[in-house]
Amino acid sequence: MSVYGWSGKILRVDLSTGRIWTENTLEKYKDYLGATGIGYKVMWDEVPVGVKAFDPENRIIFGGGPLIGSGSPCGGRVAITSLFPTSYPVELIGSGHMGGHWGAELKFAGWDAVIIQGKAANPVWLSIMDDKVEIRDARQLWGSGIYRATAEICAEMGAEAQVAAIGQAGENLVRMACVMTGNSHSAGGIGGVMGSKNLKAIGVRGTGSVKIKADKKEWKELVNYVLSLAGSNNQWVVPSTPQPWAEFHASNSRWTARKGLFWGAANPPVETGTCDPRDMNSIGYRCQKAVFDLGPIAEQFTVRMDGCHSCPIRCHMQISVPTAEKYGVSRYAANTCIGWWGRGVIKTYPDGARGMTALEGAVVGKHMTDDYGVWCNYGQINRDFQYAYEKGILKKVLSEKEYKSIPFDLYEKGSPEFIKDFVRRIAFREGEFGYALGEGSARVAERWGFEEDYYGYSYNIWNRKLGYPKHHSTENGGQVGALINSQYNRDAQCHSHVNFYACGLPLEIQKRLAADVFGSGDAIDAYRNYTPMNVYKAKFAKWSLIRKELHDSLPLCNWMFPWIVSPLKERGYKGDTTIEAKLYSAVTGDKKSEAELDLVAERIFNLHRALTIRGMGTKDMRKEHDLVPDWAYDYPKDAKPFTAGHDKMDREDMQKAFDMFYKECGWDVATGAPTKETYQKLGLGFVADELGKLGLLP
Amino acid sequence: MGESEKARSMLGKELQEKVVDGCECIESGGNTGFLKRPTTRRRFLKLGATTVAGLASMSMISAFMANPANAGKVPVIVNSKGVLLADPARCAACRRCELACTEFNNGKSHPVIARVKVYRNLNFGPQGGQYGFYNSQGGKFGNLRVIQDTCKQCPHPVPCADVCPRGAIEASPTTGARVVNPEKCVGCKICMAACPWDMISYDPDTKKATKCFLCNGKPECVAACPTGAIKYIKWRDLTKQTPPRAAVYRQAPDASCATCH
Numbered sequence: 081m082s083v084y085g086w087s088g089k090i091l092r093v094d095l096s097t098g099r100i101w102t103e104n105t106l107e108k109y110k111d112y113l114g115a116t117g118i119g120y121k122v123m124w125d126e127v128p129v130g131v132k133a134f135d136p137e138n139r140i141i142f143g144g145g146p147l148i149g150s151g152s153p154c155g156g157r158v159a160i161t162s163l164f165p166t167s168y169p170v171e172l173i174g175s176g177h178m179g180g181h182w183g184a185e186l187k188f189a190g191w192d193a194v195i196i197q198g199k200a201a202n203p204v205w206l207s208i209m210d211d212k213v214e215i216r217d218a219r220q221l222w223g224s225g226i227y228r229a230t231a232e233i234c235a236e237m238g239a240e241a242q243v244a245a246i247g248q249a250g251e252n253l254v255r256m257a258c259v260m261t262g263n264s265h266s267a268g269g270i271g272g273v274m275g276s277k278n279l280k281a282i283g284v285r286g287t288g289s290v291k292i293k294a295d296k297k298e299w300k301e302l303v304n305y306v307l308s309l310a311g312s313n314n315q316w317v318v319p320s321t322p323q324p325w326a327e328f329h330a331s332n333s334r335w336t337a338r339k340g341l342f343w344g345a346a347n348p349p350v351e352t353g354t355c356d357p358r359d360m361n362s363i364g365y366r367c368q369k370a371v372f373d374l375g376p377i378a379e380q381f382t383v384r385m386d387g388c389h390s391c392p393i394r395c396h397m398q399i400s401v402p403t404a405e406k407y408g409v410s411r412y413a414a415n416t417c418i419g420w421w422g423r424g425v426i427k428t429y430p431d432g433a434r435g436m437t438a439l440e441g442a443v444v445g446k447h448m449t450d451d452y453g454v455w456c457n458y459g460q461i462n463r464d465f466q467y468a469y470e471k472g473i474l475k476k477v478l479s480e481k482e483y484k485s486i487p488f489d490l491y492e493k494g495s496p497e498f499i500k501d502f503v504r505r506i507a508f509r510e511g512e513f514g515y516a517l518g519e520g521s522a523r524v525a526e527r528w529g530f531e532e533d534y535y536g537y538s539y540n541i542w543n544r545k546l547g548y549p550k551h552h553s554t555e556n557g558g559q560v561g562a563l564i565n566s567q568y569n570r571d572a573q574c575h576s577h578v579n580f581y582a583c584g585l586p587l588e589i590q591k592r593l594a595a596d597v598f599g600s601g602d603a604i605d606a607y608r609n610y611t612p613m614n615v616y617k618a619k620f621a622k623w624s625l626i627r628k629e630l631h632d633s634l635p636l637c638n639w640m641f642p643w644i645v646s647p648l649k650e651r652g653y654k655g656d657t658t659i660e661a662k663l664y665s666a667v668t669g670d671k672k673s674e675a676e677l678d679l680v681a682e683r684i685f686n687l688h689r690a691l692t693i694r695g696m697g698t699k700d701m702r703k704e705h706d707l708v709p710d711w712a713y714d715y716p717k718d719a720k721p722f723t724a725g726h727d728k729m730d731r732e733d734m735q736k737a738f739d740m741f742y743k744e745c746g747w748d749v750a751t752g753a754p755t756k757e758t759y760q761k762l763g764l765g766f767v768a769d770e771l772g773k774l775g776l777l778p
Numbered sequence: 007m008g009e010s011e012k013a014r015s016m017l018g019k020e021l022q023e024k025v026v027d028g029c030e031c032i033e034s035g036g037n038t039g040f041l042k043r044p045t046t047r048r049r050f051l052k053l054g055a056t057t058v059a060g061l062a063s064m065s066m067i068s069a070f071m072a073n074p075a076n077a078g079k080v081p082v083i084v085n086s087k088g089v090l091l092a093d094p095a096r097c098a099a100c101r102r103c104e105l106a107c108t109e110f111n112n113g114k115s116h117p118v119i120a121r122v123k124v125y126r127n128l129n130f131g132p133q134g135g136q137y138g139f140y141n142s143q144g145g146k147f148g149n150l151r152v153i154q155d156t157c158k159q160c161p162h163p164v165p166c167a168d169v170c171p172r173g174a175i176e177a178s179p180t181t182g183a184r185v186v187n188p189e190k191c192v193g194c195k196i197c198m199a200a201c202p203w204d205m206i207s208y209d210p211d212t213k214k215a216t217k218c219f220l221c222n223g224k225p226e227c228v229a230a231c232p233t234g235a236i237k238y239i240k241w242r243d244l245t246k247q248t249p250p251r252a253a254v255y256r257q258a259p260d261a262s263c264a265t266c267h
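Which chain is which? The protein sequence lines are P and B, in order. Each residue of the first sequence is one higher than the one before, counting from 81 in the working numbering. Each residue of the second sequence is one higher than the one before, counting from 7 in the working numbering.
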């Protein structure tokens, strides 16, 4: 029987014994789609409470899902699921996410996912050449950076192989380590888990195919339909400047293309141009992300835009900055958004945040962090360092000798040289400085005795217990963003709400479109002018979260989908929230409606919740887990909640928000724990049974 | 007469018509050409460029077809009408061209059989991974430039067509593209070894070779490219301006060549 979408096989590897075996995807995991869904199921079934992130019994699950490699637009992303090393004090369930071409290659090699357990006696790497899988000696690669490891593995497997590797940070069990693929795509926080298994890299070469169930013509029509509704990165559907085709524009839009704006270092330079949304051959120019992320100065250094497999929205910029070579790194650098975090190690550059030195800092930072494989906890590592330095804490916690060895003069001067020193110390766990900052925010805050002001507005910490920062929180939808930020064990990697809030359309259009999806326009407020909680916002928050899990599991990029909006005036700017179900049904032949697929996503989301409850050993999520920081209620000091110009929330109203959200989710309102009935309704009866035995049902 | 034979005889007839077309083309200053007498490839190209110098007689083709050594083979002589022209400066490396090629033609996503190839140049460019030098060469680990490989629809002698022992690579009667006739192809892969640009693939599902056939005049990759980085243009000889990717396997001149050369 032919399998469509999925390859039908999951690769299992036990590095302790060297055993390699196969599982049937559809028999075991079809109800969980792929990626995070499969990851959570494996973690539930196989990793008992008490196992730590770096124990051999921990599992690390790499994968896409039925849509990866299928050509579904924006369907190239991979989730890597495990116990998340920075979560504190218990290492709870979490995922890192990366794009690139690795996941598609894995599918072409015939695998839906790779599940690794155990610990190899010596450093190894995993070679996957279609169905030929080998555990290879990596002693010669251990200690080398990600770039070199990738080049050497490709020299063995073929230049076209895709490699996911850790750098020295992951090897050294730095909690703030990432997994990298394709030069600029990193999965945060999870690198140390690979290091703990003595696994340097997974190289993949696939010569097979992904079979599409739908008829060729039907599939082409669907793909073209989906493309016709795409905006720019984060589904900005209006351009940043007035355009002949556009009724609206918004200066902060990621649709930056315009006449006179170039990929300036292309040879010859390429103009991004007008980019009419009906022109399918200019979608890739819409997002000139270099100028968006790094300022107008970056235009002349932009070689081109890049991104993940099958995605027409190119959000990863490729830049060539010759003067960066004076710092001893290649001029060629690629990344996007927070991937440039190395630049932010330095707070003040001599010629400003968007000057030439900052741009060189971005290049230096990219090479240091992406070669050593250091993660930033959504930029928090920089704030941790800057807090400890500015408050004089470093002087207290470091020995005099170590303190003097750190070139703070370069930091003060704003020299990119400092970034090299900073990242190296963390990757190699050098001294107290490198060790503590590499442990993650919750641990460094406790170890170094960060005071109450660290938990204030300026340092971004959202959940002080787990040590993660805000990530599209109250600034994106008030209560909706707050609820979303309270649900994970790391920074909420959820963009479902952002892709609607920050689309650039006028509020009245957004309200009209929100009413179609959530039953009322009251689901959405004006930016920084929030209204008290209502049930439509609770629906919006729940929908955003389950769609995030859906996107991670299919996969479709949650930095693009879901699409409540489109750039098309003739459609009244309406997007299509059934795209996920349409693509899934067409590719796999398993016809599912939007509601049916949302139910699968809800199952996955609730399994994540159950893993958190089991891991924490408490059902009182409301009090113990779903935190909102004080600054969300207290900053700005003199502002009144529900007035214009700020994100300040109201304590009582926020409690009402949790009540409504829990009700929407079918969770117990007192504790925020899913009820037995909810688990059963979602096909998670086995979860309810186990939690019942543990006394963790409400 | 069986279906395949019918097709074959039709093809012969159409080719003859093409030859006439070709002559007309040359007379009207077009860019297709035809050989009159034995010549070198270089001379042939020169002839092609200098218009009227080398026109064929119908009797030559008839003689070729009549020669038993040429059973089933038709030399691919007329130039293609069109060719794909890829602009690497515009390529954003999303590989939607590879996807469109195989999905809309074959109903599956299958990069290794894609007739436009980006995947193999992604990491390190056309030169491949090289110890210690990767960061100064092509690809995402090098100078960030990614190149799309496309079929040149070679002028005569067409390497893939020439080496095929079954004469399975033919000029499409509509576009002139060099296309694999699946009824003749036996999947021996010799054509793959002959292409200097490594543009022929073997489809494990059909067990036959596959190559760019210009989607019968409406190339899917061109329509799908989100940066307009591939154009479908009137044929021009791109073989001289693209360095070969692969060491070329050349078959010894076929006995059939002697008919014309």
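No residue lacks a Cβ here, since even glycine has one placed at the ideal position from N, Cα and C.
Where V118/B meets chain P, residues with beta-carbon distance less than 7 Å: As a first step, residue 118/B is located in the second sequence; it is residue number 112 there, counting from the start. The contacting residues are T287.
Burial state of T38/B (16 or more Cβ within 10 Å): Your numbering for residue 38/B matches position 32 in the second sequence. Reliability fails at T38/B, whose pLDDT of 33 lies under 50, so the model's placement of it is uncertain and no value is given.
Beta-carbon proximity of I208/P to E103/P, cut-off 9 Å: Numbered from 1 along the first sequence, position 128 holds the residue referred to as residue 208/P. Numbered from 1 along the first sequence, position 23 holds the residue referred to as residue 103/P. No. Outside cutoff.
For T261/P, the residue or residues it bridges with in DSSP: For the purposes of this step, residue 261/P is taken as residue 181 along the first sequence, with counting starting at 1. DSSP output for T261/P lists A244/P, H265/P as bridge partner(s).
Within 9 Å, strictly: CB atoms of G123/P and L691/P: As a first step, residue 123/P must be located in the first sequence, where it is residue number 43. As a first step, residue 691/P must be located in the first sequence, where it is residue number 611. This sequence places Met at residue 123/P; Gly is not what is there. A contact, by the Cβ cut-off of 9 Å.
The region 154 to 172 of chain B contacting the region 198 to 210 of chain B, beta-carbon criterion three pairs below 8 Å: Segments in contact, yes.
DSSP-derived helix/strand/coil call for D571/P: Position 491 of the first sequence, counted from the first residue, corresponds to residue 571/P. Here D571/P sits in coil by DSSP.
Spatial distance of N313/P from E298/P (CA atoms): Translated into positions along the first sequence, residue 313/P becomes position 233. Translated into positions along the first sequence, residue 298/P becomes position 218. If you take the alpha carbons of N313/P and E298/P, they lie about 27 Å apart.
Alpha helix (DSSP H) runs contained entirely in the region 591 to 653 of chain P, provided each spans 4 or more residues: 615 to 633
For K619/P and E757/P, believed in contact at Cβ under 8 Å, the rounded distance: Numbered from 1 along the first sequence, position 677 holds the residue referred to as residue 757/P. Numbered from 1 along the first sequence, position 539 holds the residue referred to as residue 619/P. Incorrect: roughly 19 Å between the Cβ atoms, too far for contact.
Extent of the continuous beta strand (DSSP E) to which Y467/P belongs: The residue labelled residue 467/P in the question sits at position 387 within the first sequence. Looking at the DSSP string, Y467/P is not in any beta strand (DSSP E); the run it does join, the alpha helix (DSSP H), is 460 to 470.
Distance between L648/P and C355/P (C-alpha atoms, nearest Å): Translated into positions along the first sequence, residue 355/P becomes position 275. Translated into positions along the first sequence, residue 648/P becomes position 568. For C355/P and L648/P, the distance between alpha carbons rounds to 13 Å.
Below-9 Å beta-carbon distance, Y238/B vs any chain P residue: By one-based count along the second sequence, residue 238/B stands at place 232. Not closer than 9 Å to any Cβ of chain P, the Cβ of Y238/B fails to qualify, so no.
Cβ-based burial, W101/P [other Cβ within 10 Å; buried from 16]: In the first sequence, counting from the first residue as 1, residue 101/P sits at position 21. Exposed, since its Cβ has fewer than 16 Cβ neighbours within 10 Å.
Interface residues of the region 204 to 238 of chain P facing chain B [CB-CB below 7 Å]: Residues passing the 7 Å Cβ filter: Y227, T230, A231, C234, A235.
F164/P vs S150/P beta-carbon contact at 9 Å: For the purposes of this step, residue 164/P is taken as the residue at position 84 of the first sequence. For the purposes of this step, residue 150/P is taken as the residue at position 70 of the first sequence. Result no, Cβ atoms of F164/P and S150/P do not sit closer than 9 Å.
Residue span of the beta strand (DSSP E) that contains I208/P, given as start and end: Within the first sequence, numbered from 1, the residue matching residue 208/P stands at position 128. Note, I208/P: beta strand (DSSP E), 204 to 209.
Check whether M178/P and M260/P have beta carbons under 9 Å apart: In the first sequence, counting from the first residue as 1, residue 178/P sits at position 98. In the first sequence, counting from the first residue as 1, residue 260/P sits at position 180. In this structure, M260/P lies closer than 9 Å to M178/P by Cβ.
Close Cβ partners of C637/P (< 6 Å) along its chain, the five nearest in sequence each way excluded: Start at 1 with the first residue of the first sequence, and residue 637/P comes out as number 557. So the qualifying residues of the chain are C154, R157.
Residue burial classification, P322/P (beta-carbon count within 10 angstroms, cutoff 16): As a position in the first sequence, residue 322/P is number 242, starting the count at 1. P322/P should be labelled exposed.
Span of the beta strand (DSSP E) around Q197/P: Residue 197/P sits at position 117 when you count from the first residue of the first sequence. Unbroken beta strand (DSSP E) run through Q197/P: 193 to 197.
Whole beta strand (DSSP E) elements within the region 80 to 145 of chain B, 3-residue minimum: Counting whole runs of 3 or more residues, the region 80 to 145 of chain B contains the beta strand (DSSP E) stretches 88 to 92.
Anticipated Cβ contact below 8 Å, H577/P with H551/P, distance rounded: Within the first sequence, numbered from 1, the residue matching residue 577/P stands at position 497. Within the first sequence, numbered from 1, the residue matching residue 551/P stands at position 471. Their Cβ separation, rounded to whole angstroms, is 11 Å, which puts H577/P and H551/P out of contact at 8 Å.
Beta-carbon neighbours of F722/P, restricted to chain B and to distances below 7 Å: If you number the first sequence from 1, residue 722/P lands on position 642. What F722/P touches in chain B: nothing, since even the nearest Cβ is about 42 Å away.
Selection from T437/P, G190/P, L677/P, G143/P that minimises the alpha carbon distance to Y84/P: In the first sequence, residue 84/P corresponds to position 4, counting from 1. Checking every option, the nearest Cα to that of Y84/P belongs to G190/P.
Residue environment, D730/P, which counts as buried when at least 16 other CB atoms sit within 10 Å: In the first sequence, residue 730/P corresponds to position 650, counting from 1. Residue environment for D730/P: buried (at least 16 other C-beta atoms within 10 angstroms of its C-beta).
Which of helix, strand or coil DSSP assigns to Y664/P: If you number the first sequence from 1, residue 664/P lands on position 584. Helix.
Whether Q398/P touches V409/P by CB criterion (9 Å): Residue 398/P sits at position 318 when you count from the first residue of the first sequence. Residue 409/P sits at position 329 when you count from the first residue of the first sequence. No, Cβ-Cβ distance for Q398/P and V409/P is not below 9 Å.
Cβ of R251/B within 9 Å of any chain P Cβ: Your numbering for residue 251/B matches position 245 in the second sequence. Not flagged as an interface residue toward chain P: R251/B, since no C-beta distance is shorter than 9 Å.
Exposed unless 16 or more other CB atoms sit within 10 angstroms - verdict on A62/B: Against the second sequence, residue 62/B aligns to sequence position 56. Reliability of the predicted coordinates at A62/B is poor, the pLDDT of 42 falling under 50, and no value is obtained from them.
Test: R102/B CB closer than 9 Å to a CB of chain P: If you number the second sequence from 1, residue 102/B lands on position 96. Yes - at least one Cβ of chain P is within 9 Å of the one on R102/B.
Pairwise C-alpha distance: C218/B and R184/B: Taking the first residue of the second sequence as 1, we reach residue 184/B at position 178. Taking the first residue of the second sequence as 1, we reach residue 218/B at position 212. Spanning the two alpha carbons is a distance of roughly 8 Å.
Length of the line joining the Cα atoms of L309/P and I626/P: Mapped onto the first sequence, residue 309/P falls at position 229. Mapped onto the first sequence, residue 626/P falls at position 546. Going from the Cα of L309/P to the Cα of I626/P covers about 22 Å.
Contact under 9 Å by Cβ, T108/B with S289/P: Taking the first residue of the second sequence as position 1, residue 108/B is located at position 102. Taking the first residue of the first sequence as position 1, residue 289/P is located at position 209. A contact, by the Cβ cut-off of 9 Å.
Top-ranked residue by Cα proximity to M448/P, from C391/P, A750/P, P487/P, F498/P: For this step, residue 448/P is matched to residue 368 along the first sequence. Of C391/P, A750/P, P487/P, F498/P, the residue nearest in Cα terms is F498/P.
Rounded C-alpha distance that separates K291/P from F188/P: Counted from its first residue, the first sequence places residue 291/P at position 211. Counted from its first residue, the first sequence places residue 188/P at position 108. About 10 Å.
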